[in-house]
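Following: one structure in structure tokens, then a few remarks.
Numbering (the working numbering), first residue to last: 29 to 253.
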């Protein structure tokens, strides 16, 4: 059961990561560092971009529901906060026509969701070396996506977006990005970054235990405590 679950997670992550990168390559006018903010608002979203964004939101809604159906784990509360914050950011950025940064965040973060289930799969079938390699790759991808790319975007939301994105409340013309809107999005972005640092601590502890000769374990515990 757990093997099948992780296999599906890896497949979904590969599809999502590949789709996100393909969109960034296909529509550079929206995703270059200098156009992420100046392209706002994206009023005529390409069909494939809209499909990607709605699919991502649907995925997170489904996984949030699944959290309440599966056996409770120790990080249940943090996962609920993570999923709720992600759903708000995805749905909210779609509603206010501010999807460029969202695609970049998702595309880079999906890389972690490829290596983590792969590490678990290799662990289940006893391929410990491949498990360790996948876990180290996941840790590197985690730091790059969640503590470099994400922090750069967080920095730009605070210091750059209000200057380049033409903040104005004009719903008739698709403009919803104001100071209050920015603060609301910042709240959820910072909440996610706090969670990322907490989980990074867990990742580093696991790596330390492996270096000290212990067997690799899952970041998320199946215990109900």
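Even for Gly, the Cβ is constructed at its ideal location relative to N, Cα and C.
Counting the other Cβ atoms within 10 Å of the Cβ of residue 99 gives fewer than 16, which makes it exposed. For residue 141, the three-state secondary structure derived from DSSP is helix. Under the DSSP definition of a beta bridge, residue 198 partners with 203. In terms of Cβ geometry, residue 59 and residue 132 form a close pair [threshold 8 Å].
Burial check for residue 61: the Cβ neighbour count within 10 Å stays below 16, so the residue is exposed. Separation of the CB atoms of residue 205 and residue 126 is rounded to 6 Å, and the pair is thereby assigned contact status at 8 Å. Residue 85: member of the alpha helix (DSSP H) spanning 75 to 95, first to last residue. A Cβ-Cβ contact shorter than 8 Å links residue 136 with residue 173. Annotated as distal: residue 170 and residue 232, with beta-carbon spacing of 8 Å or more. Annotation: the stretch 126 to 182 contains the following complete segments of the alpha helix (DSSP H) (minimum length 4 residues), in chain order: 128 to 137, 140 to 152 and 156 to 172.
Note that the C-beta distance between residue 214 and residue 185 is below 8 Å.
Around the beta carbon of residue 201, fewer than 16 other beta carbons lie within 10 angstroms, which makes this residue exposed. Within the model, the alpha-carbon separation for residue 150 versus residue 84 is close to 27 Å.
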